[in-house]
Amino acid sequence: MSSPISLDDNSGAGGALPVRASTPDGPVVIEARGVEKTFRIPEHRMDSLKERATHPFTRMQYRELHALRNVSFDVHRGEFFGIVGRNGSGKSTLLKSLASIYALSGGTIRMGGRLAPFIELGVGFNPELTARDNVVLNGVMMGLSRREAERRLDAVLDFAELEEFVELKLKNYSSGMMVRLAFAVMVQADADIMLIDEVLAVGDASFAQKCVEVFYEKRRAGRTVVLVSHDMGAVQTFCHRAMLLHDGQVEYIGDPEEVAMRYFRLNFAEGDAEEQASRGGVVFDANARLVDGWLEGETGDRVESIEEGEPLRFSVVVEARRELDDPMFGLHVLTANGVGVFALRQTLTASDRHPNRVLAGQRVRISGTLENPLLPGRYFVNCSVARTRRQGDVALQVLRLADFVVHGPEPGLGIVSVRGRVDALVEPAPEP
Amino acid sequence: MSEAAADLRDVRGPTALGGGWRRSLDLLYLIAVTDFKRTYFGTALGYLWSLARPLMLFGVLLAVFTQVFRLGSDVPNYPVLLLFNIVLFGFFQEATVTAVNSIVGQEGVVRKTQFPRLVIPLAVVLTSLFNLTLNLLVVFLFILGFGVSPAWTWLLFPIVLALLIVITVAVSMIVSSLFPRFRDMAIIWTVLATVLFYGTPVLYPLEAVPETLRDIVLLNPLAPLFELARNWVIDPGAPGPIDAAGGFAPLLAPMAIYVATCVFAVWVFRREAPRIAEEL
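For the record, the sequence lines run as chains A and B.
Using our numbering, you'd call the opening residue of the first sequence number 1 and step up by one each time.
Using our numbering, you'd call the opening residue of the second sequence number 1001 and step up by one each time.
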């Protein structure tokens, strides 16, 4: 494959459109206006009739929890819309309200099209039933008719690569098989609007790859997806727009990069002192915009998979959004599960004409060739852009660059291979 | 791609039948069928178990009431009447007792998908109804084998069955929707169901009950139903609910309670359905 890998187009199949340029402005399919959700938390829960009967006149004491306050937003058809926020910010409540699981306390939500919520993979799976029965049942739960669900059974099993286990009861499935089946049902349910809560990180690397492909496919097919996630990388990669929730209120709606930035800032501002200290005086800020980033093959063409042991040749172009003093550029390679493998940092190669500074709007090209110790698998590259602030601390921005696959004859144990020698010798028997 | 712009529907939140009739019916059917399959195809003797339970109870009760209390001798066709009643009441009891925990038992589905709440208790009743249908086939074989000749009134039996199903659904709706908030519902209903078993003319005919107690038994809406079934299916010579009650007027009470139960069921379920996900 020779298609470029970059933020703007890493769909892996030709003909994909750049993300930002194609932000859909089709008809509104989700319209939320002034959505309120208040939970009444009983101070003293009366679970039994006896308590009710013995204290008939005590008013139940409630504490009100405003999970959502005056939340309004629109989602257009064909849009990938991200909802991000810290724990307890109300994002899951909003998702459940959109999915008709919670009743609203105020405001309205209107929706156009068939909706399928995926709050958790495999909800409603019955371990005592066969995969066949479960797939049909789950398909109907996702809004298919019975006939339609039965018709799509083969497609589901094919996608999950579980054809030969169709008559096996789910209790005999491995957890990995279960996840694959659940995801396959979700994909094949083919709803107009999909509500997805953090289900991206599932399965092994090759399945994760498949999931990512499905997301690009759904996006190309013009499906509307509302994605709730902690993973700013995913939000930046997939979403056209995103919304940041904080304490049940809308903090910002718009550009996913800006949302990610504000999210990091929120996290940082409210992190405890210890956490701040451990970051060594780092703040998050929007320093730069990713223009392009790719991995190169031996001949200089863009690739998205390389062979085991073949050097990593990369190029990144970023555009400064503001003046960057004493900038530092970093590359981080992470596994598909987000575990960091290694990181490199590089300051600007300064010259007389350019002091150690990048002006707003200027572009910086970072490129290099690295030794590749990675074992076969899927990896991500993040790019960081940091600048020194006048206050003496560092403003950091992390950009999701690309994902790539290292392929090799056989999967190894661990993440990287190291050179070296190990000897195993039989010890001479000790003298009696 | 913009022609459907105005086609927005209000999202009303969770309801008894959220997602439409069609989807609810599909779900109801699938859940009941898979549940039924799971219960009876997973065990070695399969369906026989479902029959073994009432037959065993029948055997014990028959021995007790014909050999020990000698009650049966006054009642024509007592053995088949007893079996018939046990199977009918078994349906009501099995469905309602299972229903109590049904919604809570499906917690994942209720809290994490858009699921029509009413389908859950209805599926429980439907599964029990499958059982009942199979059991009734066997019971009718017994009835014929015992020498009861088919009468045209057998054709009326579906009316009784329908009334029994409706009250079973109503009670299932009440207990399943209240259980998430009042966990003692499970114990209360187990006890009440046992009381009802003895308070319904299952083991005895209504006319055998002394006058004073009969008024109390007649508050039970199941009582006239069982008398009707007996009159139409087993023993055309039986007095039937009107004669046994001593006129039509005493029957107004159970009828009113029957209707009130159904109305209450709909009201309470509609009220509870939207908030069940939050109560769990």
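Glycine included, every Cβ here is placed at the ideal spot set by N, Cα and C.
Since we're looking at a predicted model, the values are computed, not measured.
Cβ-Cβ distance between residue i and residue j below 8 Å
{"i": "Ser384/A", "j": "Gly330/A", "result": "yes"}
{"i": "Ser89/A", "j": "His246/A", "result": "yes"}
{"i": "Leu1206/B", "j": "Ala1223/B", "result": "yes"}
{"i": "Asn267/A", "j": "Arg86/A", "result": "yes"}
{"i": "Ile1276/B", "j": "Val1110/B", "result": "yes"}
{"i": "Ile1143/B", "j": "Val1080/B", "result": "yes"}
{"i": "Val225/A", "j": "Ile196/A", "result": "yes"}
{"i": "Pro1076/B", "j": "Gly1240/B", "result": "no"}
{"i": "Ile1174/B", "j": "Ala1260/B", "result": "no"}
{"i": "Gly361/A", "j": "Glu310/A", "result": "no"}
With 16 other Cβ atoms within 10 Å as the buried cut-off, status of residue i
{"i": "Ala1128/B", "result": "Here the sequence assigns Ser to residue 1128/B, which means Ala is not the residue at that position. Per the 10 Å Cβ criterion, buried."}
{"i": "Ala964/B", "result": "For residue 964/B there is no data in the structure shown, the boundaries of chain B being 1001 and 1280."}
{"i": "Trp1021/B", "result": "exposed"}
{"i": "Gln1067/B", "result": "exposed"}
{"i": "Phe118/A", "result": "buried"}
{"i": "Phe1248/B", "result": "exposed"}
{"i": "Gly280/A", "result": "Caution is warranted here: a pLDDT of 49 is assigned to Gly280/A, below 50, making its placement in the model unreliable, and no coordinate value can be reported."}
{"i": "Ala1052/B", "result": "exposed"}
{"i": "Ser1073/B", "result": "exposed"}
{"i": "Arg1009/B", "result": "exposed"}
{"i": "Lys210/A", "result": "buried"}
{"i": "Ile1031/B", "result": "buried"}
{"i": "Thr941/B", "result": "Limits of chain B in this structure are 1001 at one end and 1280 at the other, which puts residue 941/B out of reach."}
{"i": "Thr93/A", "result": "buried"}
{"i": "Met1056/B", "result": "exposed"}
{"i": "Arg77/A", "result": "buried"}
{"i": "Glu427/A", "result": "exposed"}
Residue-chain proximity (residue i, chain A), Cβ-Cβ < 8 Å
{"i": "Ala1277/B", "result": "yes"}
{"i": "Gly1013/B", "result": "yes"}
{"i": "Arg1271/B", "result": "no"}
{"i": "Leu1017/B", "result": "no"}
{"i": "Leu1008/B", "result": "yes"}
{"i": "Pro1274/B", "result": "yes"}
{"i": "Trp1267/B", "result": "no"}
{"i": "Leu1280/B", "result": "no"}
Rounded separation between residue i and residue j - CA only
{"i": "Arg345/A", "j": "Met328/A", "result": "7 Å"}
{"i": "Leu425/A", "j": "Glu371/A", "result": "32 Å"}
{"i": "Ala343/A", "j": "Ile306/A", "result": "19 Å"}
{"i": "Asn1220/B", "j": "Leu1137/B", "result": "27 Å"}
{"i": "Leu1163/B", "j": "Val136/A", "result": "32 Å"}
{"i": "Phe1092/B", "j": "Val1171/B", "result": "9 Å"}
{"i": "Leu1203/B", "j": "Leu1082/B", "result": "6 Å"}
{"i": "Asn1131/B", "j": "Ala1253/B", "result": "31 Å"}
{"i": "Tyr1029/B", "j": "Ala1123/B", "result": "7 Å"}
{"i": "Ile1188/B", "j": "Tyr1198/B", "result": "16 Å"}
{"i": "Arg63/A", "j": "Gln249/A", "result": "19 Å"}
{"i": "Pro27/A", "j": "Glu1094/B", "result": "51 Å"}
{"i": "Phe1058/B", "j": "Phe1069/B", "result": "15 Å"}
{"i": "Ala32/A", "j": "Tyr1258/B", "result": "43 Å"}
{"i": "Pro1250/B", "j": "Phe39/A", "result": "48 Å"}
{"i": "Ala1208/B", "j": "Val1160/B", "result": "22 Å"}
{"i": "Phe1269/B", "j": "Glu1278/B", "result": "15 Å"}
Chain B contact for residue i (CB, 8 Å cutoff)
{"i": "Gly112/A", "result": "yes"}
{"i": "Thr108/A", "result": "yes"}
{"i": "Asp272/A", "result": "Caution is warranted here: a pLDDT of 45 is assigned to Asp272/A, below 50, making its placement in the model unreliable, and the coordinate value is therefore given only provisionally. Taking Cβ atoms only, chain B never reaches closer than 8 Å to Asp272/A, which makes this a no."}
{"i": "Ala103/A", "result": "yes"}
{"i": "Ala21/A", "result": "Summary for Ala21/A: the model assigns pLDDT 39, below 50, so the residue's position carries little reliability, and this model does not support an answer."}
{"i": "Val140/A", "result": "yes"}
{"i": "Arg419/A", "result": "no"}
{"i": "Pro117/A", "result": "yes"}
{"i": "Leu94/A", "result": "no"}
{"i": "Ala99/A", "result": "yes"}
{"i": "Glu64/A", "result": "no"}
{"i": "Val228/A", "result": "no"}
{"i": "Val123/A", "result": "yes"}
{"i": "Glu120/A", "result": "yes"}
{"i": "Gly90/A", "result": "no"}
Closer than 8 Å to chain D by CB, residue i
{"i": "Phe39/A", "result": "This model lacks chain D altogether, as its protein chains are A and B."}
*asked:* By the 8 Å beta-carbon criterion, what residues does the segment 1026-1040 of chain B contribute toward chain A?
replied: Under the 8 Å Cβ criterion, the segment 1026-1040 of chain B contributes Asp1026, Leu1027, Tyr1029, Leu1030, Ile1031, Thr1034, Lys1037 and Arg1038.
*Any residues in the segment 1103-1122 of chain B with a beta carbon nearer than 7 Å to a beta carbon of chain A? Which ones, in chain order?*
Contact residues of the segment 1103-1122 of chain B toward chain A are Gly1108, Val1109, Arg1111, Lys1112, Thr1113, Gln1114 and Phe1115 (C-beta to C-beta distance below 7 Å).
*Short-range partners of chain B found in the segment 146-163 of chain A, where Cβ spacing is below 7 Å*: Per Cβ criterion, the list reads Arg146.
*Any residues in the segment 125-138 of chain A with a beta carbon nearer than 8 Å to a beta carbon of chain B? Which ones, in chain order?*
Flagged, chain order: Asn126, Glu128, Leu129, Asp133, Val136 and Leu137.
*Between the segment 1068-1081 of chain B and chain A, which residues of the former have CB atoms less than 9 Å from a CB of the latter, in chain order?*
So nothing in the stretch comes that close.
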